[in-house]
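Asker: Numbering (the numbering used here), first residue to last: 7 to 124. Beta carbons are placed, not taken as given, at the ideal position from N, Cα and C, and that holds for glycine.
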Amino acid sequence: VQLQASGGGLVQAGGSLRLSCAASGTTFSRYEMGWYRQDPGKRHELVATIVNDGTTNYADSVKDRFTISGDIAERTVYLQMNGLKPEDTSVYYCNLKGYLGDIPANFWGQGTQVTVSS
7 VQLQASGGGL VQAGGSLRLS CAASGTTFSR YEMGWYRQDP GKRHELVATI
57 VNDGTTNYAD SVKDRFTISG DIAERTVYLQ MNGLKPEDTS VYYCNLKGYL
107 GDIPANFWGQ GTQVTVSS
């Protein structure tokens with residue numbers, strides 16, 4: 007499984023960015039894709055996820071500002087980030103969690119830097 011992420015960058019507070027992630031080499035019939043972010047020395051923090059049935063989940067800190075969407079057939083996920091704040095600055099990682107029965111397998115893309123200036 008390969009995850010190709012794009013869309014990070016530098017933006018002023020209040021601005022917007024859109025992250026994209028495309029998965030290839032996967033045939034999971036049940037899977038979840040999403041975005042996590044990680045600061046140096048810290049664990050991955052959930053940002054938003056979407057299941058292939060369309061169910062979404064957001065961190066409280068990004069609700070009402072970020073929107074995750076996906077193209078199920080293309081196994082592509084998008085994260086529209088509006089109203090960005092300096093505290094959103096981090097390295098964002100695309101994740102795919104594929105299920106074989108109830109057993110998940112995690113896959114990560116390369117990180118993409120998001121920097122929000124005040």
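#1: Just verifying my parser: in three-state terms, what is the DSSP assignment at Glu93?
#2: Could you check the C-alpha separation between Tyr84 and Ser26 for me, to the nearest Å?
#3: Any idea if Asp59 is buried or exposed, counting beta-carbon neighbours within 10 angstroms, 16 or more meaning buried?
#4: If Val68 and Val53 are in contact, beta carbons under 8 Å, what's the gap, nearest whole angstrom?
#5: Scan the stretch 14-69 and note each continuous alpha helix (DSSP H) run of 4 residues or more that stays entirely inside, going in chain order.
#6: Could you check what DSSP says for Asn88 in three-state terms: helix, strand or coil?
#7: Grab the span of the beta strand (DSSP E) containing Ser124 for me, first residue to last.
#8: Candidates Ala111, Tyr98, Gly104 and Asp108: which alpha carbon is nearest Gly15's?
Answerer: Reading it off the structure:
#1: Correct three-state label for Glu93: helix.
#2: Whole-angstrom Cα-Cα distance: 5 Å.
#3: So Asp59 counts as exposed.
#4: Correct: roughly 6 Å between the Cβ atoms.
#5: Along the length of the stretch 14-69, whole alpha helix (DSSP H) runs at least 4 residues long do not occur.
#6: Here Asn88 carries a coil assignment [DSSP, helix/strand/coil].
#7: Premise fails: Ser124 is in no beta strand (DSSP E) and is neither H nor E.
#8: For Gly15, the nearest C-alpha among the options comes from Tyr98.
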